[in-house]
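Please read the structure below before turning to the comments.
Numbering (the numbering used here), first residue to last: 17 to 362.
Here it is, written out as structure tokens:
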């Protein structure tokens with residue numbers, strides 16, 4: 017068996033058939049699919065079981081395994097444990113893939129004799145329209161190699177890179193079998209996993225061709241603050257331990273934005289102690305080294321947070337990029353003048 021495809025499933029009844037059909041349409045046939053149902057409370061498992069049972073020839077290569085609800089990391093870990101392929105791919109159950117996904121991902125990792133290969137992907141909006149994640153590069157099947165592992169690290173950390181997801185990457189199974197996803201983290205667990213993997217490999221390649229379709233879901237209003245979200249900040253600290261120090265400013269940039277977001281959420285549900293703790297930690301960060309790594313709208317939020325932390329928290333929720341650009345320039349000018357005045361006083 018060449019490829020094992022691991023698909024964690026949780027309450028994906030609405031999308032699972034599309035995901036399944038995209039796997040049936042693969043041009044490369046030598047793969048197994050491991051659906052790991054993570055205690056779904058809808059009919060996801062039943063639908064999958066029926067889809068496979070209706071086509072007898074699938075029963076050897078498609079399987080559904082179940083576990084009590086433990087989270088996506090535990091589901092992926094179970095898939096890794098039972099995978100038989102030489103290479104491993106991951107797919108999220110509400111997404112789908114190009115018919116050439118397996119064929120082309122296998123081709124670039126085998127031909128290059130790499131340990132990990134990455135691909136570009138499409139962002140699928142709720143109206144069904146999709147766009148290229150990396151629109152400013154050619155969408156072709158050319159295989160490219162990262163000159164060094166640090167470049168690969170930067171690519172999975174940067175917003176304009178291949179990101180820290182596992183579903184747009186193919187891995188040598190021999191490497192993955194030695195690693196597991198953290199079940200203690202509820203956010204950025206795939207980023208941490210990838211950083212761990214990159215510390216153990218010699219060669220990483222990529223293609224700019226978009227082979228994966230990632231659904232964007234409308235965010236519902238948060239009624240209560242879920243403290244599991246704070247594992248994002250724990251993951252950020254873990255990420256710092258896994259990369260060279262010269263990459264830390266990029267991680268700190270993400271950390272600052274997360275702090276503003278979570279402080280705002282804590283304030284909204286009247287968790288004043290937590291809000292004050294996050295505010296204190298935010299104020300202690302060296303922001304100058306990290307701000308250049310932010311987008312224009314993110315810079316606006318951070319500058320607002322420096323002047324008035326609570327206002328910065330509010331701004332993170334409603335600032336759009338056009339207004340952000342104008343407001344950022346205004347704030348930067350005011351900040352520069354204020355700094356000049358303070359320097360003169362000193």
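We put the beta carbon where it would ideally sit given N, CA and C, even for glycine.
Note that the structure is a prediction, hence the values are computed from the model and not measured.
Take the Cβ of residue i as the centre, count every other Cβ of all protein chains shown within 10 Å, and call the residue buried at 16 or more, exposed below.
i: residue 108; result: buried
i: residue 227; result: buried
i: residue 205; result: buried
i: residue 32; result: buried
i: residue 17; result: exposed
i: residue 100; result: exposed
i: residue 236; result: Any answer about residue 236 is weak, because its pLDDT of 39 lies below 50 and its placement is not dependable; what the coordinates show is given next. So residue 236 ends up on the exposed side.
i: residue 327; result: exposed
i: residue 111; result: buried
i: residue 120; result: buried
i: residue 314; result: buried
i: residue 36; result: buried
i: residue 66; result: exposed
Can the beta-carbon of residue i be found closer than 8 Å to that of residue j?
i: residue 81; j: residue 104; result: no
i: residue 68; j: residue 46; result: no
i: residue 186; j: residue 258; result: no
i: residue 96; j: residue 193; result: yes
i: residue 191; j: residue 217; result: yes
i: residue 86; j: residue 58; result: no
i: residue 106; j: residue 22; result: yes
i: residue 102; j: residue 175; result: no
i: residue 301; j: residue 273; result: no
i: residue 197; j: residue 92; result: yes
i: residue 195; j: residue 137; result: no
i: residue 173; j: residue 263; result: yes
i: residue 229; j: residue 113; result: yes
i: residue 288; j: residue 325; result: no
Output needed for residue i: all residues of its chain with C-beta closer than 7 Å, excluding positions within five of it in sequence on either side, in chain order.
i: residue 40; result: none
i: residue 338; result: Residue confidence for residue 338 is low, a pLDDT of 35 falling below 50, so the modelled location carries little weight; the figure read from the coordinates is stated next. Excluding sequence neighbours, residue 338 sits near nothing in its chain.
i: residue 238; result: Summary for residue 238: the model assigns pLDDT 38, below 50, so the residue's position carries little reliability, and this model does not support an answer.
i: residue 56; result: 25, 26 and 27
i: residue 168; result: 162, 214 and 220
i: residue 94; result: 52, 81 and 83
i: residue 357; result: Low confidence applies to residue 357: its pLDDT is 49, below 50, so where it sits in the model is not reliable enough to give any reading.
i: residue 182; result: 106, 206, 209 and 210
Name the DSSP beta bridge partners of residue i, please?
i: residue 112; result: 229
i: residue 134; result: 185 and 222
i: residue 83; result: 54
i: residue 20; result: 48 and 104
i: residue 26; result: For residue 26, which the question treats as bridged, DSSP gives no partner whatsoever.
i: residue 148; result: 138
i: residue 41; result: According to DSSP, residue 41 bridges with nothing at all.
i: residue 159; result: 223
i: residue 78; result: 49
Sorted by chain position, which residues of the same chain lie with C-beta nearer than 6 Å to residue i's C-beta, five sequence neighbours on each side aside?
i: residue 202; result: 244 and 247
i: residue 305; result: 265
i: residue 268; result: 306
i: residue 232; result: 139 and 141
i: residue 321; result: 276 and 328
i: residue 165; result: 214
i: residue 124; result: 133, 159, 221 and 223
i: residue 298; result: 275
i: residue 303; result: none
Quick one: what's got a C-beta closer than 8 Å to residue i's C-beta in the same chain, skipping five residues either side?
i: residue 115; result: 38, 41, 42 and 43
### Query
Using 8 Å as the Cβ pair cut-off and three pairs as the minimum, do the stretch 267–278 and the stretch 325–332 touch?
yes
### Task
Flag this pair as touching only if the stretch 209–217 and the stretch 131–142 have three or more C-beta atom pairs under 8 Å; answer yes or no.
yes
### Query
Just checking, does the stretch 248–257 make contact with the stretch 160–168 on the three C-beta pairs under 8 Å criterion?
no
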